[in-house]
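**Q**
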Amino acid sequence: PSLGVTALSTPITTGTTVAFTLHIFSSSLSVLDANLIIKESVAKQLLRTKRQDRPKKAGYPDEPMREHLLHMQALDLRARETNLEHWLNPHCYPRCDRNYGHPV
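Residue numbers (this note's numbering): 2 to 105.
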């Protein structure tokens, strides 16, 4: 019975099918490969947005100065706290009196 579909005049060989499949596969790979390359600014922004869900601490390899700054801030805070504990301690009056000076 005829359904209105005409048969191809030339049969499709296995070699033609393989070549066509390889062509489609290689062209899809080249399209995928081209989309994987992004600009440097976009990559940096992507890194920044990925980093937002992490805790706000230094230690990322591209932020050594921030890590150093936070370390110095922690040392400064510890020194101030130690100094205040020392000066405000009532049990070390002679050593901690600011008005008491040692003779040179």
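Positions of the beta carbon are idealized from the N, C-alpha and C atoms, including for glycine.
Tell me the DSSP secondary structure of Glu64 in three-state form.
**A** Taking the sequence shown and counting its residues from 1, one reaches residue 64 at position 63. Correct three-state label for Glu64: coil.
**Q** Let me know the secondary structure DSSP gives Asn84 once reduced to three states.
**A** The residue given as residue 84 occupies position 83 in the sequence shown. The three-state reading of DSSP puts Asn84 in helix, counting H, G and I together.
**Q** Please state whether DSSP places Lys45 in a helix, a strand or coil.
**A** Numbered from its first residue, the sequence shown carries residue 45 at position 44. It is helical.
**Q** Determine the direct distance from the alpha carbon of Gln74 to that of Lys85, and round the result to whole angstroms.
**A** Start at 1 with the first residue of the sequence shown, and residue 85 comes out as number 84. Start at 1 with the first residue of the sequence shown, and residue 74 comes out as number 73. The sequence shown places Leu at residue 85, not Lys. Taking the straight line from one Cα to the other gives about 17 Å.
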